[in-house]
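S.K.:
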Amino acid sequence: MAATASSAGLLLYREREGALQVLLGHMGGPFWARKDAGAWTIPKGELDAGEQPEAAARREFAEELGHDPPAGELLDLGEIRQRAGKRVRAFALRGDFDPAALRPGTFELEWPPRSGRRQAFPEIDRVAWFDDATARAKLVTAQAQLLDRLAAALAAT
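Numbering-wise, the numbering used here comes out as the position in the sequence shown, counting from 1, plus 66.
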């Protein structure tokens, strides 16, 4: 039996006009191109061998968005399990990011299928700031738990 994939990610958040906003990325590639609901995610990716989750979350943010994450202390949001079984350890970070500054990393995929042609696609094709209700409608279903955990952690401080 194959080991379950383990990833780490970063949920950037800020406050605007008294409301909490989170930065989400729309998944790139042809499968997600025409989808919106359930097609947004926190910047995340698999841990390298021996890598600490906090370091992986910061690295993946930089790889997927093309910029280092803002400096600051990470707030551990714990682990979630996505539908396909992937485990995601998430961290929240207060900061800002201009969506126009996105310089996404890419991945290669044979496209169209069985064509023999390989094409490069952005890992995240766009990012945007969303309020809680909008973020819940756009996020991969399991990741909505992260919004609950962020709200609880912020309320406790």
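Idealized CB from N, CA, C, for every residue including glycine.
In this text, all values refer to a predicted model and were calculated from it rather than measured experimentally.
(1) So what does DSSP say about residue 101, is it helix, strand or coil?
(2) Going by DSSP, which residues form a beta bridge with residue 110?
(3) For residue 120 and residue 140, which I take to be in contact (beta-carbon distance under 8 Å), what is that distance rounded to the nearest angstrom?
(4) Look at residue 175 and residue 95 and say whether their C-beta atoms are less than 8 Å apart.
(5) With C-beta atoms as the reference, is residue 129 less than 8 Å away from residue 111?
(6) Taking the straight line between their C-alpha atoms, what separation do you get for residue 158 and residue 216?
(7) Measuring straight from C-alpha to C-alpha, what distance separates residue 106 and residue 211?
(8) Just tell me which of 203, 152 and 156 has its CA closest to the CA of residue 79.
(9) With a threshold of 16 other CB atoms inside 10 Å of the CB of residue 149, please say whether the residue is buried or exposed.
(10) DSSP state of residue 207, grouped into three classes?
(11) Bridge partners for residue 87 per DSSP, in chain order?
(12) Would you kindly report the start and end of the unbroken beta strand (DSSP E) that includes residue 163?
M.R.: Taking the structure as given:
(1) The three-state reading of DSSP puts residue 101 in coil, since its state is none of H, G, I, E or B.
(2) For residue 110, which the question treats as bridged, DSSP gives the partners 75.
(3) In this structure, residue 120 and residue 140 form a Cβ contact; the two beta carbons are roughly 6 Å apart against a cut-off of 8 Å.
(4) In this structure, residue 95 lies closer than 8 Å to residue 175 by Cβ.
(5) Against a cut-off of 8 Å, the Cβ pair of residue 111 and residue 129 comes out as a contact.
(6) Going from the Cα of residue 158 to the Cα of residue 216 covers about 7 Å.
(7) Approximately 14 Å between the Cα atoms of the pair.
(8) Closest option to residue 79, Cα to Cα, is 156.
(9) Exposed, because fewer than 16 other Cβ atoms sit within 10 Å of the Cβ of residue 149.
(10) Residue 207 falls in the helix class under three-state DSSP.
(11) Paired residue(s): 80 and 197.
(12) First-last for residue 163: undefined, no H or E at that position.
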